[in-house]
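Asker:
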Amino acid sequence: MSAPAPTPPDLDDTQRGWTLHGDGRRVAPGEVVRPRERLSWDLTIGLGMQHVVAMFGATFLVPLITGLSPATTLLFSGVGTMIFLLITRGRVPSYLGSSFAFIAPIAAATKSHDIPTALGGVVMAGVALALVGLAVQLSGDRWLRALMPPMVTGAIVALIGLNLAPAAKTNFVVSPVTGAVTLVVIVVLGVATKGMISRLAILGGVAAGYATAAIRGELSFTKVGEADWLGLPDLTAPTFDISVLGLFVPVVLVLVAENVGHVRSVAAMTGDDLDPYMGRALIADGLATTLAGSGGGSGTTTYAENIGVMAATRVYSTAAYWVAAVTAVLLSMSPKFGELIYTVPKGVLGGAAVALYGMIGLLGVKIWIENRVDLGNPINLMTGAVALILGIADFTWSIGDVQLAGIALGTMAALIGFHGLRALNSVTGAVADPLIPLRAADHDRADGPTLPA
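Residue 1 is where the sequence shown starts when you use UniProt numbering, and the numbers rise one by one after that.
Here is the structure:
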């Protein structure tokens, strides 16, 4: 009698859904609820609502700042999360929200062209990210680590945040008092509180700023009253212009770093080996971003805020993320809710942006610190110095129809500068190779350059 055919990996898990963890009511000390497990449905729904709250502040700020539709962005955020969970076979618990990395290129493309052209850039970035994911799935991520060592990744992340500083000021000065209240509350909640409250500092600051704006008479609810309770979000088709491609290339590199970092963070917390799903995660985020750009939403990324919720609750169940995704889609179907989001005044956006953009900039520095980048090495020093100034000062360089501005130019300087200087140094031997200490550290930690969660 012949032996039974082997069951394809993960197929049985995908078909039967989630296994109930223990009695479904509690998580014992030292235990975690794994991605393919769940608690009772009432608790799972409650956890899903927590994930909605955690992602909400950042997700709706991006469309408000860039001029996209918050309701449309929320719709594709929920749909994108569903796509992510399906492609990763329910093994990688993550929520896909609006990526702050898209703020600068969308704003620049909208200023020089229009919103449909900016959406075309989002689509191109999504396709590129999916192709990177396919390459990682087929050949592993070693080549990615070689292309983007911590020095390069940190510089790109830092210049994206710091390049946005003028935009934060523009909104802040519209209502300095409201902006200051928003900023102070974000800072105080982020520093003086712990757990979930600290992780919701942005949302708390926006709420405080919104209340201040209401007291100061800065709000108008006319359009909220006129809007319907139910209806589909506005969809906008993209148009494609190769001249904006340079604006969106750096975003792909940042999304790669974010996804890789977040997947590894989840793997470390759950004890699961998620490296086989790294390529799938990148493909999923790429497809979600492509879909969002095709309909008028902002590009997506895996959210550190939701990873923080999992760390606090020790519940990594992907069932909770399905709840969050469905909730986001349902909320997007209310035009009245969408108009309510539009009432957030510029002063509030400016106050939140001061903290957010600054934190993005310092995330790049954190990457350098955590990976022990030696800034005393001339190769690292020159790479960072040139890339940051080109990005922050918003230098512009045109090559035919393609315009490389600020972030794109700084990214090119980081990549070409680092690898070019290493190649030059391999001939001259004037300084130590900056990657040798990192390779030793990688051997010890079995970890590569990632964005911190």
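Ideal placement from N, C-alpha and C gives every residue a C-beta, glycine not left out.
Look at the alpha carbon of I360 and the alpha carbon of W18, and state the distance between them as a whole number of angstroms.
Answerer: Indexing the sequence shown from 1 puts residue 360 at position 360. Indexing the sequence shown from 1 puts residue 18 at position 18. Near 36 Å, if we compare the C-alpha coordinates of W18 and I360.
Asker: At which residues does the beta strand (DSSP E) containing T396 begin and terminate?
Answerer: Locating residue 396 in the sequence shown gives position 396, counting from the first residue. Run containing T396: 396-399, per the beta strand (DSSP E) assignment.
Asker: For T302 and L64, which I take to be in contact (beta-carbon distance under 8 Å), what is that distance rounded to the nearest angstrom?
Answerer: Residue mapping note: residue 302 aligns to position 302 of the sequence shown, counting from 1. Residue mapping note: residue 64 aligns to position 64 of the sequence shown, counting from 1. Rounded, the Cβ-Cβ distance is 21 Å, inconsistent with contact.
Asker: Would you kindly work out how many angstroms separate the C-alpha atoms of V184 and L134, rounded to a whole number?
Answerer: Reading the sequence shown from its first residue, position 184 is the one you call residue 184. Reading the sequence shown from its first residue, position 134 is the one you call residue 134. About 43 Å.
Asker: How many whole angstroms separate the CB atoms of G296 and L119, which I take to be in contact at a CB cut-off of 8 Å?
Answerer: Taking the first residue of the sequence shown as 1, we reach residue 296 at position 296. Taking the first residue of the sequence shown as 1, we reach residue 119 at position 119. At roughly 6 Å, the Cβ-Cβ gap stays under 8 Å, so G296 and L119 are in contact.
Asker: Can you tell me which of the three DSSP states P434 falls into?
Answerer: Translated into positions along the sequence shown, residue 434 becomes position 434. P434: coil per DSSP, three-state reduction.
Asker: Going by alpha carbons, who is nearest to D275 out of V122, P93, G46, D141?
Answerer: Position 275 of the sequence shown, counted from the start, is the residue given in the question as residue 275. The residue with the shortest Cα to Cα distance from D275 is D141.
Asker: State the CB to CB distance for the pair T343 and F221, rounded to an integer number of angstroms; the pair is presumed to be in contact (CB under 8 Å).
Answerer: In the sequence shown, residue 343 corresponds to position 343, counting from 1. In the sequence shown, residue 221 corresponds to position 221, counting from 1. Going by Cβ atoms, the distance from T343 to F221 rounds to 6 Å, so yes, they are a contact pair.
Asker: DSSP state of E370, grouped into three classes?
Answerer: Within the sequence shown, residue 370 is the residue found at index 370, counting from 1. Helix.
Asker: Cα separation between S112 and G22?
Answerer: Here residue 112 refers to the residue found at position 112 when the sequence shown is read from its first residue. Here residue 22 refers to the residue found at position 22 when the sequence shown is read from its first residue. For S112 and G22, the distance between alpha carbons rounds to 57 Å.
Asker: Apart from the five residues on each side of it in sequence, which residues of its chain come closer than 6 Å, Cβ to Cβ, to A71?
Answerer: Residue 71 sits at position 71 when you count from the first residue of the sequence shown. Once the five neighbours on either side are set aside, the close Cβ partners of A71 are P233, S332, G338.
Asker: Quick one: grab the DSSP three-state call for V33.
Answerer: One-based indexing of the sequence shown puts residue 33 at position 33. Of the three classes helix, strand and coil, the one that applies to V33 here is strand, per DSSP.
Asker: With DSSP collapsed to three states, give me the class of W18.
Answerer: Walking along the sequence shown from the start, residue 18 turns up at place 18. Residue state, collapsed to three classes: coil.
Asker: Check whether the Cβ atoms of V174 and K366 lie closer than 7 Å to each other.
Answerer: Within the sequence shown, the letter at position 174 stands for residue 174. Within the sequence shown, the letter at position 366 stands for residue 366. Cβ distance not < 7 Å, so V174 and K366 don't count as in contact.
Asker: Taking P318 and G121 to be in contact with their CB atoms under 8 Å, please state how far apart those CB atoms are, rounded to whole angstroms.
Answerer: Walking along the sequence shown from the start, residue 318 turns up at place 318. Walking along the sequence shown from the start, residue 121 turns up at place 121. Going by the sequence as given, residue 318 is Thr instead of Pro. Not a contact, Cβ separation roughly 31 Å.
Asker: Output the distance between the C-alpha atoms of L230 and V53, rounded to the nearest integer angstrom.
Answerer: As a working mapping, residue 230 is identified with position 230 in the sequence shown. As a working mapping, residue 53 is identified with position 53 in the sequence shown. Each residue's Cα considered, the two are about 21 Å apart.
Asker: Between the region 404-416 and the region 235-254, can you find at least three pairs of beta-carbon atoms closer than 8 Å?
Answerer: Touching, per the Cβ criterion.
Asker: Can you check which of these residues, A325, I215, A387, is closest to A414 by C-alpha distance?
Answerer: Counted from its first residue, the sequence shown places residue 414 at position 414. Among A325, I215, A387, the Cα nearest to that of A414 is on A387.
Asker: Name the DSSP bridge partner or partners of V315?
Answerer: As a first step, residue 315 must be located in the sequence shown, where it is residue number 315. According to DSSP, which records beta bridges pairwise, V315 is partnered with V33.
Asker: List the whole-angstrom C-beta distance separating H262 from S94, where the pair is believed to meet the contact cut-off of C-beta under 8 Å.
Answerer: As a working mapping, residue 262 is identified with position 262 in the sequence shown. As a working mapping, residue 94 is identified with position 94 in the sequence shown. That pair is a contact at about 6 Å.
Asker: How should I197 be labelled, buried or exposed, when 16 other C-beta atoms within 10 angstroms of its C-beta is the threshold for buried?
Answerer: For the purposes of this step, residue 197 is identified with residue 197 of the sequence shown, where counting begins at 1. That one is exposed.
Asker: In whole angstroms, what is the alpha-carbon distance linking G209 and L356?
Answerer: Your numbering for residue 209 matches position 209 in the sequence shown. Your numbering for residue 356 matches position 356 in the sequence shown. When rounded, the distance between both Cα atoms is 15 Å.
Asker: Thinking C-beta only, is L219 closer than 7 Å to L129?
Answerer: To locate residue 129, count along the sequence shown from 1; it is residue 129. To locate residue 219, count along the sequence shown from 1; it is residue 219. The answer is no: Cβ separation not under 7 Å.
Asker: Quick one: give me the first and last residue of the alpha helix (DSSP H) that S426 is part of.
Answerer: Within the sequence shown, residue 426 is the residue found at index 426, counting from 1. Segment 406-428, the alpha helix (DSSP H) holding S426.
Asker: Run through the region 83-107 for me and flag every whole beta strand (DSSP E) of 3 or more residues, listed as ranges in chain order.
Answerer: Counting only runs of 3 or more, we get 96-98.
Asker: Do T182 and V348 have their beta-carbon atoms positioned less than 7 Å apart in this structure?
Answerer: For the purposes of this step, residue 348 is identified with residue 348 of the sequence shown, where counting begins at 1. For the purposes of this step, residue 182 is identified with residue 182 of the sequence shown, where counting begins at 1. The answer is yes: Cβ separation under 7 Å.
Asker: Where do the N-terminal and C-terminal ends of the beta strand (DSSP E) with T301 fall, by residue?
Answerer: One-based indexing of the sequence shown puts residue 301 at position 301. Here the beta strand (DSSP E) through T301 covers 300-302.
Asker: How would you write the range of the alpha helix (DSSP H) that H51 sits in, first residue to last?
Answerer: By 1-based counting over the sequence shown, the position of residue 51 is 51. Note, H51: alpha helix (DSSP H), 41-66.
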